[in-house]
Structure formats: structure tokens, C-alpha cells
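One structure below.
Numbering (the working numbering), first residue to last: 49 to 315.
In C-alpha cells form, the structure reads like this:
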């Protein structure tokens, strides 16, 4: 399905009925990443799952007016939810999708029932983040058919085995193939100034009672885990778990633990 916002359209899918849960994928991915990792674990009679492609990604269109920015993406998402008549909702976000989820929650705290975030961005400027050293734990030898995809897989995944490789091909490659990288460059222009939310520093000090689960990878070379962990000191109702054998592609590295945390939070 497509929903028009200003002069572009947002592609989305809805599954189930009940309490709305909104899923925001990471940069250069698409809704397929979130749907593949979440959909089977939700009771379709209890939760209405709303999966969307962020602008310039998946099947959502790009735009150039206004110039792309993190704050405008938050506005687009909230307007999109308004257009569907969604008032109160949970947010599940990965990486930059987690960053946008935090921005929306800060703006719309009375509407957000909870946050489930995996490896969320906390500092938009990639040059100023506290990140970790990546490593590979090779549990099985793989014979890839696509050397480029496999090289990226090894750069992003910690656990190297048949399952994580199959998940990478199924959940990530499609997003990379559809992504408008010129739009991403515009979004990250001016040394990430547009990419950064105006409320970033306020969010880092935010004292909120919104129920939150932060699921992080100890070997995450993209966003790290230390800045995210600090949120647990000011987020009053916050669950925090840092997984040793996981990196930025945590749902692929540790799918069973991911499932357990998800079931715990949405019990």
C-alpha cells in the first residue's frame, strides 16, 4: 500500500488488528528487515503491525523539497500515522530507525506506549560516536555465490554461520538493492547536520517513564553500546541487554535471544 505525504509516497504493510506497533528499519534497508524479524512473533489478534519503508528506501519515494533531514523524517512518520488514524502506539526501531523512534517518542511522549530498540543510533554524527571493534565468530564455513554480498555480510555480522548468512541474504540485500543512495547522501549532508535531530542532546538527558527495551551488541562498530547504555540511567522503566556475541546486525547474530527479549517486552 502507498500513502501520499506532501509530494511523495510512503510504502507500507499492515498485519493484524489491535494495539498498533510501528516498525522503523535502519538506514539503506527496507520494511522487509523488520517484517522478517518481528512478524511471526506477534499475535495478529492482539497487535496491529505497521511496517513502512522510510523515504528513499524500499518502495517509498525520495524527495528533494524540502531537503531531507532527520527532523523532517520524524514529521513525515507522525503525519503518516495521523493519516491512518493511529493515536497511541508502540515503536520498534533498528539503528537509524531506533534514532527516529526516540525522536518521535520525545515529541509525542503521551502517544508512545513503549520502545523496543535494537542497536539504535544515539549520536547522529558517525565521527563522534563511541563505537566498538568488530569481530567474526566463524561457527561454520560458508561457500557464498555472491562475493560482494558476502564481504558486506562479514563486515556487519559477528556470528558467521549458515543461518545468519541466509538471513542476511533474505532480510538485508533487498533493501540495499532498492535504496536511493543519492537521497542518503543528501540526508547526511553537511557533516551529518541534517541527519541529526534538533532534540538529540535533550534525548540523551531525557527522564522518561516510557517502557523501553534496549538490545545492544558488544561488538557493534557502527553505533557501539556505551552511549545507549547511558539511557538506562534516565529512562525510568528501561530494560538493557548487551549481547557479547553480537554486533550491529544483532537480530541476525542472535535470533533466539532477540525472540526471547521481544516476547518478554510484549508479553
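Idealized CB from N, CA, C, for every residue including glycine.
For residue i versus residue j, is the C-beta spacing smaller than 8 Å?
i           : j           : result
residue 187 : residue 260 : no
residue 273 : residue 256 : no
residue 308 : residue 301 : no
residue 72  : residue 133 : no
residue 275 : residue 155 : no
residue 207 : residue 271 : no
residue 94  : residue 67  : yes
residue 69  : residue 97  : yes
residue 290 : residue 280 : no
residue 138 : residue 161 : yes
Given a threshold of 16 other Cβ atoms within 10 Å of its Cβ, counted over all protein chains shown, does residue i qualify as buried or as exposed?
i           : result
residue 219 : buried
residue 248 : buried
residue 78  : buried
residue 297 : buried
residue 215 : buried
residue 229 : exposed
residue 268 : buried
residue 244 : buried
residue 149 : buried
residue 299 : buried
In whole angstroms, what is the alpha-carbon distance linking residue i and residue j?
i           : j           : result
residue 49  : residue 136 : 21 Å
residue 126 : residue 231 : 20 Å
residue 51  : residue 210 : 37 Å
residue 288 : residue 109 : 35 Å
residue 174 : residue 151 : 17 Å
residue 295 : residue 265 : 4 Å
residue 116 : residue 234 : 6 Å
residue 84  : residue 106 : 14 Å
residue 217 : residue 197 : 8 Å
residue 103 : residue 114 : 12 Å
residue 227 : residue 76  : 5 Å
residue 262 : residue 166 : 6 Å
Name the DSSP beta bridge partners of residue i, please?
i           : result
residue 99  : 61, 71
residue 51  : 58
residue 121 : Paired residue(s): none; residue 121 is not in a bridge.
residue 207 : 185
At a threshold of 7 Å, does residue i count as lining the ligand HEM (C-beta to nearest heavy atom)?
i           : result
residue 240 : For the ligand HEM, the structure offers nothing, since it holds no ligand at all.
Could you give the uninterrupted runs of the alpha helix (DSSP H) lying entirely in the stretch 137 to 187, keeping only those of 4 residues or more?
Listed in chain order, they are 144 to 155.
Unbroken alpha helix (DSSP H) runs of length 4 or more, entirely within the stretch 209 to 276: which are they?
The qualifying runs are 210 to 219, 221 to 226, 229 to 235, 237 to 240, 248 to 252.
Contiguous beta strand (DSSP E) assignments of at least 3 residues, all confined to the stretch 282 to 310:
Runs of the beta strand (DSSP E) spanning 3 or more residues and lying entirely within the stretch 282 to 310 occur at 286 to 291, in chain order.
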